Amino acid sequence: MGGTDGPGFWENLAKNAIAGGGAGVTEILVMYPTDVLKTRAQLATTSSSMLTVGRQIMEKQGIAGFYRGIIPPVLGEAPKRAWKFAANDFFKEQFQSRHPEGKLTSQAAAAAGALAGMSEAVVNCPVETVKVAMQSPDNVGRFNSTLECFMGILREEGPLKLYKGFEPQVIRNGLWNGAYFGTVGLVGNHFKVADDAPKSEKLFNKFCAGVVGSCVGTTLNTPFDVIKSRMQNQITRPGVPDKYRNSFQSLALIVNEEGVSAAWRGLGARLLRLGPGGGIMIVMYSAIMDLISPEGSA
């Protein structure tokens with residue numbers, strides 16, 4: 001995958017769409033309710049436990065409230081994961097080709113993951129904007145469907161507002177993917193499983209690496225996820241300046257008004273989702289890639 005002009009690139013992109021999309025959709029279907037919990041927690045200006053937030057959702061919206069806004073991430077998952085994994089492969093090859101021994105160090109794996117994640121925001125930011133708008137309690141009576149939400153943002157704020165929160169999302173993605181792929185690379189380099197080990201042992205090794213990498217990345221990037229959610233939830237009005245304008249102004253404002261802990265609001269729900277979710281994703285990706293490309297990911 002040294003360039004984008006040969007059949008190898010497009011074949012790799014298609015395989016990543018299938019494997020990455022399948023892995024991502026599986027993770028979403030299993031873990032999505034915790035994503036709703038974390039968004040509600042992040043949008044609140046006072047601290048509430050996950051139990052309290054969950055009870056409020058159940059009382060006002062029922063079980064369906066825990067799946068409100070699920071359509072955008074499901075529809076966007078295949079292109080997002082195709083981009084992420086294909087870009088990660090591309091950057092890994094670039095770093096490997098520059099190593100004297102052709103090796104991929106854990107630092108290079110982290111850098112490749114960070115670059116892939118940052119570029120992924122181009123594909124995923126509109127999906128996140130619509131998802132957050134659907135999850136917000138402010139919009140429960142305002143938008144009744146994903147299409148209505150999408151058209152409402154276009155009509156009321158303009159197409160560029162689908163990229164609200166793009167800057168913190170780039171930083172958030174870079175931090176998470178760098179930690180995630182860096183940890184997976186570190187485990188691969190230092191905690192090797194024998195080539196003749198059972199398949200289950202190899203997958204368990206990958207699952208553990210994915211969980212640890214995801215937890216590290218989630219802890220590092222949560223402040224930028226909070227900022228992203230706040231920026232994507234605010235409605236831009238003509239002549240009225242936005243409260244949250246950029247990452248560092250927003251971070252300073254949140255800390256000043258709500259305290260340092262507010263920057264990590266929703267961390268528990270994010271770890272509950274993205275911890276096991278990171279393990280599920282790498283295992284499902286490897287399993288699906290093995291099916292469609294036996295030489296691909298053992």
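First residue of the sequence shown: 1, per UniProt numbering; consecutive thereafter. Where a beta carbon is used, it is the ideal one built from N, C-alpha and C, also for glycine. Remember, it's a predicted structure, so these values are computed and weren't measured experimentally.
{"Asked": "Span of the alpha helix (DSSP H), counted from its first residue to its last, around T146", "Found": "146-157"}
{"Asked": "Burial state of Q249, where buried means 16 or more other Cβ atoms lie within 10 Å", "Found": "exposed"}
{"Asked": "Endpoints, alpha helix (DSSP H) assigned at E201", "Found": "199-233"}
{"Asked": "Spatial distance of R98 from F181 (CA atoms)", "Found": "19 Å"}
{"Asked": "One or two residues paired with V240 in a DSSP bridge", "Found": "R237"}
{"Asked": "Range covered by the alpha helix (DSSP H) that runs through E101", "Found": "Neither: E101 is in no alpha helix (DSSP H) and is coded neither H nor E."}
{"Asked": "Contact belief for V36 with R68 at Cβ below 8 Å, rounded distance in angstroms", "Found": "7 Å"}
{"Asked": "V187 and M118 closer than 8 Å at C-beta", "Found": "no"}
{"Asked": "First through last residue of the alpha helix (DSSP H) which encompasses Y180", "Found": "166-190"}
{"Asked": "Beta-carbon contacts of A110 that lie in its chain and below 6 Å, excluding the five residues immediately before and after", "Found": "G178, G182"}
{"Asked": "The region 186-205 contacting the region 144-156, beta-carbon criterion three pairs below 8 Å", "Found": "no"}
{"Asked": "Boundaries (first-last residue) of the alpha helix (DSSP H) holding D290", "Found": "267-292"}
{"Asked": "Short Cβ contact (8 Å threshold) for G279 with V211", "Found": "yes"}
{"Asked": "Straight-line gap, residue 326 to K192 (C-alpha atoms, nearest Å)", "Found": "Residue 326 lies beyond the range of the chain shown here (1 to 298); nothing can be said about it."}
{"Asked": "For S250, the first and last residue of its enclosing alpha helix (DSSP H)", "Found": "247-258"}
{"Asked": "Proximity winner among D242, P241, R230, K80, relative to A41 (alpha-carbon distances)", "Found": "R230"}
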